[in-house]
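Engineer:
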Ligand SMILES: [Zn+2]
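Shown next, in the form of C-alpha cells:
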C-alpha cells in the first residue's frame, strides 16, 4: 500500500476507536481510573499522530517514504532497522512489533517524560506531513526542510495544549502500526503477522501497491470517513 493509504487508514482507525472505545482502552497499558472521554485537542492531535504512526512499519525499507522524511538522518536509521528486522515486511510487519511500539511508547512516556513525548510527537508529525503530501515531494533539502518546520510547529502547539504524558499516546502508536500491517495484509504480498514464525497472512483484495484505486478511491474514502467520525465526536461533546 502507498504511504497516504496507510496514513489515512491510521487516522480513520484512531477516530473510530476514540468514538467507540471506552477511555480505559484508549489509555492502555496505563491504568486510568478517571471517567470521561477525550477532549477535542486530544482527538484531533491523536488523528495526526496515529496517521504518522501508521508509517512506522515501513522503517524496514531504506527507500520508503519514511526513510526520506528527515533526510539523511532517517535514511541511516531505516537502513539499520532493515538489517535488524530481517528485511522488508518481516519483523516490523508483525503483531510483535505492534506490542513493542505500544509498550516502548508507554515506557518512554512514563520513564523519560516530556523530552521523549515531544521527540516522538515531532517524529510522528513529520511522518504524517510527509505521507499526507503536505510538503514538496522528493528527497531534497526543500522537501525534508519543510517537513521539519511543519512538524516542529505542530510539536510546539502540542506542547502548549497537551498534558506532559498524554495517556493515549501508546495506544495511538500501536493502533497506527496495527492499521498499517492489516492494510499490507490486503495486498498480494501479505505480512508475516506472527514473525519470527514464517507464516504469511494475506487477503489479496488490493491487486498491486501503488495503483489508482488507492489514490482515487481508498484514501479519499478514509479521509471522508475520518472527517465524518471526528465531526460526530466533536458535535456530540457536551
Ligand atoms: Zn508496509
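Residue numbers (the UniProt record's numbering): 1 to 238.
In this text, a Cβ means the ideal position worked out from N, Cα and C, and glycines have one as well.
(1) Using 6 Å as the cut-off, classify the Cβ of residue 204 as near or not near the heavy atoms of ligand 1, replying yes or no.
(2) Given the structure, does residue 184 come close to ligand 1, in the sense that its CB is under 6 Å from one of the ligand's heavy atoms?
(3) Quick one: grab the DSSP three-state call for residue 69.
(4) Beta-carbon within less than 6 Å of residue 218's beta-carbon, same chain only, minus the 5 sequence neighbours each way: which residues are those?
(5) Please list, in chain order, all residues of the same chain as residue 95 whose beta carbon is under 6 Å from its beta carbon, the five residues on each side excluded.
(6) Should the segment 106-118 be called in touch with the segment 76-87, which here means at least 3 C-beta pairs below 8 Å?
(7) Short of 6 Å in beta carbon distance, which residues of its chain neighbour residue 179, apart from the five on each side in sequence? Order them along the chain.
(8) According to the neighbour-count rule (16 or more other Cβ atoms, all chains shown, within 10 Å of its Cβ), is residue 22 buried or exposed?
(9) Just to check, is the beta-carbon of residue 58 closer than 6 Å to a non-hydrogen atom of ligand 1?
(10) Looking only at its chain, what residues have a beta carbon closer than 6 Å to the beta carbon of residue 176, apart from the 5 residues adjacent to it on each side?
(11) Could you check if residue 93 is buried or exposed, using at least 16 other CB atoms within 10 Å of its CB as the buried criterion?
(12) Taking one C-beta from the segment 122-129 and one from the segment 148-156 each time, how about it: are there three or more such pairs within less than 8 Å?
(13) Out of curiosity, what's the CA-to-CA distance linking residue 168 and residue 211?
(14) Check for me: the alpha helix (DSSP H) holding residue 185 runs from which residue to which?
(15) Is the beta carbon of residue 202 sitting closer than 7 Å to the one on residue 183?
Structural biologist: Walking through what the data contain:
(1) no
(2) yes
(3) coil
(4) 5
(5) 193
(6) no
(7) 9, 10, 13 and 54
(8) exposed
(9) yes
(10) 10, 50, 53 and 54
(11) buried
(12) yes
(13) 34 Å
(14) 169-185
(15) no
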